[in-house]
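Novice: Here it is, the structure, as C-alpha coordinates.
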Amino acid sequence: FAWVAEMRAGPLPLVRVIDRYVDGDGRLEIRALGAVRIGRDAGPEATLGEAQRYLAELPWAPDAILTNREITWTETADGVTAALETAGGTATVRFGFDAAGDIATMAAEARPAKLADGTVASLPWRGWFRDYAEIGGRRIPVQGEVGYVYPDGFESYWRGRVTGYEVLSE
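1 is the number of the first residue of the sequence shown in my numbering; add one for each residue after it.
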(Lines of atoms letter the chains of each structure in order from A and count residues from 1; the text may use other names and numbers.)
(Lines give C-alpha, C1' and ligand atoms only; values in the text may rest on other atoms or scores of the structure.)
Protein backbone atom coordinates (compact mmCIF):
# COMPACT_ATOMS: atom_id res chain seq x y z
CA PHE A 1 0.00 0.00 0.00
CA ALA A 2 0.99 3.61 -0.38
CA TRP A 3 -0.70 6.37 1.58
CA VAL A 4 -0.09 10.05 0.84
CA ALA A 5 -1.26 12.98 2.96
CA GLU A 6 -0.74 16.59 1.98
CA MET A 7 -1.13 19.92 3.71
CA ARG A 8 -1.64 22.58 1.04
CA ALA A 9 -1.67 26.34 0.70
CA GLY A 10 -3.69 26.73 -2.48
CA PRO A 11 -2.15 24.60 -5.24
CA LEU A 12 1.21 24.30 -3.44
CA PRO A 13 1.84 21.24 -1.23
CA LEU A 14 3.50 22.61 1.93
CA VAL A 15 4.07 19.20 3.51
CA ARG A 16 3.64 15.74 2.01
CA VAL A 17 3.78 12.55 4.10
CA ILE A 18 4.23 9.26 2.27
CA ASP A 19 3.69 5.98 4.14
CA ARG A 20 4.25 2.78 2.24
CA TYR A 21 4.58 -0.95 2.64
CA VAL A 22 5.54 -2.59 -0.67
CA ASP A 23 7.09 -6.03 -1.25
CA GLY A 24 7.98 -6.44 2.43
CA ASP A 25 9.63 -3.02 2.75
CA GLY A 26 8.15 -0.21 4.85
CA ARG A 27 9.12 3.47 4.67
CA LEU A 28 7.88 6.83 5.84
CA GLU A 29 8.97 10.08 4.17
CA ILE A 30 8.13 13.68 4.98
CA ARG A 31 8.73 16.27 2.28
CA ALA A 32 8.51 20.07 2.40
CA LEU A 33 7.06 21.78 -0.66
CA GLY A 34 6.43 18.31 -2.06
CA ALA A 35 10.10 17.81 -2.96
CA VAL A 36 12.62 18.51 -0.17
CA ARG A 37 12.93 15.50 2.14
CA ILE A 38 12.89 16.65 5.77
CA GLY A 39 12.31 13.29 7.45
CA ARG A 40 12.58 9.61 6.67
CA ASP A 41 12.19 6.32 8.50
CA ALA A 42 13.42 3.09 6.95
CA GLY A 43 14.79 -0.21 8.19
CA PRO A 44 13.33 -3.06 10.26
CA GLU A 45 11.40 -0.87 12.76
CA ALA A 46 9.86 1.20 9.96
CA THR A 47 8.97 -1.97 8.06
CA LEU A 48 7.25 -3.42 11.13
CA GLY A 49 5.33 -0.18 11.76
CA GLU A 50 4.24 0.18 8.14
CA ALA A 51 3.15 -3.47 7.98
CA GLN A 52 1.01 -2.83 11.07
CA ARG A 53 -0.48 0.24 9.38
CA TYR A 54 -1.24 -1.87 6.29
CA LEU A 55 -3.02 -4.46 8.44
CA ALA A 56 -4.89 -1.81 10.44
CA GLU A 57 -6.23 -0.22 7.25
CA LEU A 58 -7.60 -3.48 5.80
CA PRO A 59 -11.21 -2.36 6.45
CA TRP A 60 -10.54 0.22 3.69
CA ALA A 61 -9.04 -2.47 1.43
CA PRO A 62 -11.57 -5.32 1.54
CA ASP A 63 -10.09 -6.93 -1.58
CA ALA A 64 -6.79 -7.42 0.29
CA ILE A 65 -8.63 -9.18 3.13
CA LEU A 66 -9.71 -11.80 0.62
CA THR A 67 -6.66 -12.01 -1.64
CA ASN A 68 -3.46 -11.37 0.35
CA ARG A 69 -2.18 -14.86 1.14
CA GLU A 70 0.73 -13.50 3.20
CA ILE A 71 -1.68 -12.50 5.96
CA THR A 72 -2.23 -15.14 8.65
CA TRP A 73 -5.66 -14.94 10.30
CA THR A 74 -6.35 -16.30 13.79
CA GLU A 75 -9.73 -16.29 15.51
CA THR A 76 -9.68 -15.01 19.09
CA ALA A 77 -12.31 -14.89 21.83
CA ASP A 78 -13.25 -11.31 20.94
CA GLY A 79 -12.42 -11.03 17.20
CA VAL A 80 -9.57 -11.97 14.86
CA THR A 81 -5.86 -11.27 14.65
CA ALA A 82 -4.11 -10.56 11.36
CA ALA A 83 -0.35 -11.15 11.15
CA LEU A 84 2.42 -10.56 8.60
CA GLU A 85 6.04 -11.69 8.86
CA THR A 86 8.48 -8.81 8.22
CA ALA A 87 12.20 -8.09 8.49
CA GLY A 88 11.37 -6.20 11.69
CA GLY A 89 9.42 -9.06 13.29
CA THR A 90 5.82 -10.22 13.17
CA ALA A 91 3.34 -7.40 12.57
CA THR A 92 0.04 -8.14 14.30
CA VAL A 93 -3.24 -6.27 14.59
CA ARG A 94 -6.34 -7.47 16.44
CA PHE A 95 -9.78 -6.60 15.03
CA GLY A 96 -13.06 -6.45 16.92
CA PHE A 97 -16.52 -6.54 15.34
CA ASP A 98 -19.78 -4.70 16.00
CA ALA A 99 -23.27 -6.23 16.16
CA ALA A 100 -23.61 -5.94 12.36
CA GLY A 101 -20.41 -7.96 11.83
CA ASP A 102 -18.38 -4.98 10.62
CA ILE A 103 -14.82 -4.34 11.84
CA ALA A 104 -15.26 -1.70 14.54
CA THR A 105 -11.91 -1.67 16.38
CA MET A 106 -8.26 -2.42 15.80
CA ALA A 107 -5.47 -2.77 18.31
CA ALA A 108 -1.78 -3.62 18.41
CA GLU A 109 -0.13 -4.14 21.77
CA ALA A 110 3.21 -2.78 20.57
CA ARG A 111 3.86 -0.56 17.56
CA PRO A 112 7.00 1.55 17.02
CA ALA A 113 6.34 5.22 17.82
CA LYS A 114 8.77 8.12 17.50
CA LEU A 115 8.70 10.13 20.72
CA ALA A 116 9.20 13.88 21.11
CA ASP A 117 12.87 13.38 22.06
CA GLY A 118 13.52 11.46 18.81
CA THR A 119 13.75 8.02 20.42
CA VAL A 120 11.55 5.13 19.34
CA ALA A 121 9.37 3.17 21.78
CA SER A 122 6.87 0.37 21.29
CA LEU A 123 3.47 1.59 22.46
CA PRO A 124 -0.08 0.22 22.42
CA TRP A 125 -1.91 1.43 19.30
CA ARG A 126 -5.71 1.69 18.94
CA GLY A 127 -8.21 2.60 16.25
CA TRP A 128 -11.95 2.75 15.55
CA PHE A 129 -14.02 2.39 12.40
CA ARG A 130 -17.57 3.77 12.11
CA ASP A 131 -20.47 4.40 9.75
CA TYR A 132 -20.05 1.72 7.08
CA ALA A 133 -21.45 2.54 3.65
CA GLU A 134 -21.08 1.40 0.06
CA ILE A 135 -18.61 3.68 -1.70
CA GLY A 136 -16.98 2.90 -5.01
CA GLY A 137 -18.57 -0.54 -5.08
CA ARG A 138 -17.13 -1.59 -1.70
CA ARG A 139 -18.65 -1.61 1.80
CA ILE A 140 -16.13 0.33 3.87
CA PRO A 141 -16.09 2.44 7.03
CA VAL A 142 -16.72 6.12 6.32
CA GLN A 143 -15.07 7.34 9.54
CA GLY A 144 -11.94 6.29 11.38
CA GLU A 145 -9.62 7.31 14.18
CA VAL A 146 -6.23 6.05 15.36
CA GLY A 147 -3.76 6.87 18.10
CA TYR A 148 -1.26 5.64 20.66
CA VAL A 149 -1.81 4.80 24.32
CA TYR A 150 0.81 6.71 26.32
CA PRO A 151 1.41 6.28 30.07
CA ASP A 152 -0.97 9.23 30.67
CA GLY A 153 -3.70 7.96 28.31
CA PHE A 154 -4.87 7.67 24.70
CA GLU A 155 -3.85 10.36 22.21
CA SER A 156 -5.44 10.39 18.77
CA TYR A 157 -3.15 11.51 15.94
CA TRP A 158 -5.50 10.92 13.01
CA ARG A 159 -9.24 11.27 12.61
CA GLY A 160 -10.80 11.22 9.16
CA ARG A 161 -13.77 10.74 6.89
CA VAL A 162 -13.77 8.89 3.56
CA THR A 163 -15.32 11.01 0.81
CA GLY A 164 -14.43 8.81 -2.17
CA TYR A 165 -13.06 5.40 -2.96
CA GLU A 166 -11.51 4.02 -6.13
CA VAL A 167 -9.86 0.66 -6.71
CA LEU A 168 -6.57 1.20 -8.54
CA SER A 169 -4.81 -1.50 -10.53
CA GLU A 170 -1.09 -1.62 -11.23
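Positions of the beta carbon are idealized from the N, C-alpha and C atoms, including for glycine.
Which two residues bound the contiguous alpha helix (DSSP H) that contains G147?
Specialist: Not the alpha helix (DSSP H): G147 falls in the beta strand (DSSP E), residues 138-150.
Novice: What three-state label does DSSP hand D63 in the structure shown?
Specialist: The three-state reading of DSSP puts D63 in helix, counting H, G and I together.
Novice: Would you tell me roughly how many angstroms separate the C-alpha atoms of W128 and T47, rounded to the nearest one?
Specialist: Between W128 and T47, the C-alpha separation is close to 23 angstroms.
Novice: Looking only at DSSP bridge pairs, what is R69 linked to?
Specialist: Answer is none; R69 lacks a bridge partner.
Novice: Within its chain, find whatever has a CB closer than 7 angstroms to the CB of I140; leave out the 5 residues flanking it on each side and keep chain order.
Specialist: P59, W60, P62, Y132, V162, Y165
Novice: Please report the residue range of the alpha helix (DSSP H) in which L48 lies.
Specialist: 44-56
Novice: Would a C-beta distance cut-off of 9 angstroms place E29 and G43 closer than the cut-off?
Specialist: no
Novice: Any idea if E167 is buried or exposed, counting beta-carbon neighbours within 10 angstroms, 16 or more meaning buried?
Specialist: For the sequence presented, residue 167 should be read as Val rather than Glu. Burial call: exposed.
Novice: Taking buried to mean at least 16 other C-beta atoms within 10 Å of its own C-beta, is D78 buried or exposed?
Specialist: exposed
Novice: For L123, does the count of other Cβ atoms within 10 angstroms reach 16, so buried, or fall short, so exposed?
Specialist: Buried, by the Cβ-count rule.
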